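A.B. asks: Have a look at this one.
Residue numbers (the numbering used here): 2 to 72.
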């Protein structure tokens with residue numbers, strides 16, 4: 002291989018490296034955004050579960066105070 006061919010190959014490899022770094026950055030940003038969205042959704046679901054547990058507890062307490070024939 003001549004010096005020109007090696008220089009061209011080095012240039013191509015440098016371009017490929019830049020491209021792969023940009024792709025990696027883009028994927029990292031996308032994954033980070035998706036992770037943030039999932040964390041937010043997880044928090045909302047936890048709040049909803051807590052609310053439902055309170056409703057179930059309140060319903061059970063109401064049932065326990067009702068006379069057996071009135072259910």
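Backbone N, C-alpha and C fix where the C-beta goes; we use that ideal spot for every residue, glycine too.
Model, not experiment: these values are computed from the prediction.
Straight-line CA distance for residue 19 to residue 29?
C.D. replies: Straight-line Cα distance between these residues: approximately 15 Å.
A.B. asks: What is the rounded straight-line gap between the Cα of residue 36 and the Cα of residue 53?
C.D. replies: If you take the alpha carbons of residue 36 and residue 53, they lie about 25 Å apart.
A.B. asks: May I have the straight-line CA-CA distance separating residue 22 from residue 32, to the nearest angstrom?
C.D. replies: Their backbone Cα atoms lie some 15 Å apart in a straight line.
A.B. asks: Going along the chain, which unbroken runs of the alpha helix (DSSP H) with 4 or more residues stay wholly within the region 2-36?
C.D. replies: You should have found no qualifying run.
A.B. asks: If you draw a straight line from the C-alpha of residue 11 to the C-alpha of residue 51, how long is it?
C.D. replies: Cα-Cα distance, rounded: 59 Å.
A.B. asks: Helix, strand or coil: how does DSSP classify residue 68 here?
C.D. replies: In the structure shown, residue 68 sits in coil (DSSP, three-state: anything other than H, G, I, E or B).
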